[in-house]
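Peer 1:
In this note's numbering, the protein residues as written are 520 to 767.
Here is the structure:
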């Protein structure tokens, strides 16, 4: 049976007054496994992984706030603290601890910090390109005084508010954009990802589901030293993965 014939059930949980979505692949008696996607992605990008693991695990793939079928932040703010809170609420609300987590990019960054805050809740962890900006990028950001970071963030948010989300005339046009940005994807995979990544507008056009404001990195975050302290608190087996052509 294909993914369409035996796909997941859509469910929801609440965090900071937002209704957030996750795909539940069933098998609730099995050990829980969370699959956490990256920035501007969605939970259905894990479908092939989930289908391969659903017989051994209770697979849950959430949409991060501002992504997929989860609600957008009304203020357009997407701080790491809120993402971590959302994950903590999911684990708590669905009684998933101790849980295994496989996470990519932004999801990996969230999962690594969560595992340091709640080491007793994580059984195993795989983070794919999930350690955040490299030392050079992080150092450049940290050298900026706080007033400069705040001004840049305000100006970026103001500029973002003036932008109109791009509308694609057809699903095939959105698919072409997906394939241009991800050249390793097959036609089948790219179409599947695109179908779950867009909403159809009243005029028949398509636009991406993610909130454009997720592109804005908050000006205030944990320091590198604080993040390293959380990493040191991780008590479970952890695997860090980087791709051969990784940008990270």
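Idealized CB from N, CA, C, for every residue including glycine.
From 554, 528, 563, pick the residue whose C-alpha is nearest to that of residue 709; which is it?
Peer 2: Sequence index remark: in the chain shown, residue 709 carries index 190 (1-based). Looking at the Cα atoms, 563 is the closest of the given residues.
Peer 1: Can you list, in chain order, the stretches of the beta strand (DSSP E) that have 3 or more residues and sit fully within the region 604-654?
Peer 2: DSSP runs (the beta strand (DSSP E)) wholly in the region 604-654: 618-623, 641-647.
Peer 1: Rounded to the nearest angstrom, what separates residue 644 and residue 752 at their Cα positions?
Peer 2: Numbered from its first residue, the chain shown carries residue 644 at position 125. Numbered from its first residue, the chain shown carries residue 752 at position 233. When rounded, the distance between both Cα atoms is 13 Å.
Peer 1: Between the region 568-585 and the region 741-755, do at least 3 Cβ pairs fall closer than 8 Å?
Peer 2: no
Peer 1: Counting along the chain, where does the beta strand (DSSP E) carrying residue 531 start and finish?
Peer 2: The residue labelled residue 531 in the question sits at position 12 within the chain shown. Start and end: 528-534.
Peer 1: How far does the beta strand (DSSP E) with residue 578 in it reach, from first residue to last?
Peer 2: Sequence index remark: in the chain shown, residue 578 carries index 59 (1-based). Unbroken beta strand (DSSP E) run through residue 578: 577-581.
Peer 1: For the beta strand (DSSP E) containing residue 719, list its first residue and its last residue.
Peer 2: Here residue 719 refers to the residue found at position 200 of the chain shown. Its beta strand (DSSP E) spans residues 717-719.
Peer 1: Can residue 740 and residue 585 be called in contact, C-beta distance under 8 Å?
Peer 2: To locate residue 740, count along the chain shown from 1; it is residue 221. To locate residue 585, count along the chain shown from 1; it is residue 66. Result no, Cβ atoms of residue 740 and residue 585 do not sit closer than 8 Å.
Peer 1: Comparing C-alpha positions only, which one of 540, 759, 535 sits nearest to residue 529?
Peer 2: If you number the chain shown from 1, residue 529 lands on position 10. Among 540, 759, 535, the Cα nearest to that of residue 529 is on 540.
Peer 1: Assign residue 760 to one of three DSSP states: helix, strand, or coil.
Peer 2: For this step, residue 760 is matched to residue 241 along the chain shown. Three-state DSSP puts residue 760 in a strand.
Peer 1: Alpha carbon to alpha carbon, what distance is there between residue 718 and residue 757?
Peer 2: Residue numbering aside, residue 757 sits at position 238 when the chain shown is read from its first letter. Residue numbering aside, residue 718 sits at position 199 when the chain shown is read from its first letter. C-alpha separation (whole angstroms): 36 Å.
Peer 1: Identify which residue in 755, 663, 727 has its Cα closest to the Cα of residue 683.
Peer 2: Here residue 683 corresponds to residue number 164 of the chain shown, with the count starting at 1. Proximity to residue 683 across 755, 663, 727 peaks at 727, based on C-alpha coordinates.
Peer 1: Which term fits residue 759, buried or exposed, when burial requires 16 or more other beta carbons within 10 angstroms of its beta carbon?
Peer 2: For the purposes of this step, residue 759 is taken as the residue at position 240 of the chain shown. Residue 759 comes out exposed.
Peer 1: Across the region 693-706 and the region 551-561, are there enough close Cβ pairs to call them in contact, namely three or more that are closer than 8 Å?
Peer 2: Fewer than three Cβ pairs drawn from the region 693-706 and the region 551-561 lie within less than 8 Å of each other, which leaves the two stretches out of contact.
Peer 1: Do you know offhand how far residue 595's Cα is from residue 734's?
Peer 2: As a position in the chain shown, residue 595 is number 76, starting the count at 1. As a position in the chain shown, residue 734 is number 215, starting the count at 1. C-alpha separation (whole angstroms): 10 Å.
Peer 1: Between which two residues does the alpha helix (DSSP H) containing residue 543 stretch?
Peer 2: Within the chain shown, the letter at position 24 stands for residue 543. No alpha helix (DSSP H) holds residue 543; the beta strand (DSSP E) holding it covers 537-543.
Peer 1: Could you say which of 703, 569, 589, 722 lies nearest to residue 689 if we only look at CA atoms?
Peer 2: The count along the chain shown starts at 1 and reaches residue 689 at position 170. Among 703, 569, 589, 722, the Cα nearest to that of residue 689 belongs to 722.
Peer 1: Please report how far the alpha carbon of residue 669 lies from the alpha carbon of residue 635, in whole angstroms.
Peer 2: The residue you call residue 669 lines up with position 150 of the chain shown. The residue you call residue 635 lines up with position 116 of the chain shown. Residue 669 and residue 635: Cα-Cα distance of roughly 28 Å.
Peer 1: Just confirm the distance between the C-beta atoms of residue 608 and residue 532, as a whole number of angstroms; I'd bet it's less than 8 Å.
Peer 2: Position 89 of the chain shown, counting from 1, holds the residue named residue 608. Position 13 of the chain shown, counting from 1, holds the residue named residue 532. Their Cβ separation, rounded to whole angstroms, is 6 Å, which keeps residue 608 and residue 532 in contact under 8 Å.
Peer 1: In or out: residue 665 buried (at least 16 other Cβ within 10 Å) or exposed?
Peer 2: Within the chain shown, residue 665 is the residue found at index 146, counting from 1. By the neighbour-count definition (other C-beta atoms within 10 Å, threshold 16), residue 665 is an exposed residue.
Peer 1: Taking all protein chains shown into account, decide if residue 582 is buried (16 or more other Cβ within 10 angstroms of its Cβ) or exposed.
Peer 2: Locating residue 582 in the chain shown gives position 63, counting from the first residue. Residue 582 should be labelled buried.
Peer 1: Going straight from the alpha carbon of residue 520 to that of residue 526, what length do you get?
Peer 2: Here residue 520 corresponds to residue number 1 of the chain shown, with the count starting at 1. Here residue 526 corresponds to residue number 7 of the chain shown, with the count starting at 1. Because the pLDDT of residue 520 is 45, which lies under 50, any placement of that residue in the model is unreliable, and the question is left without a value.
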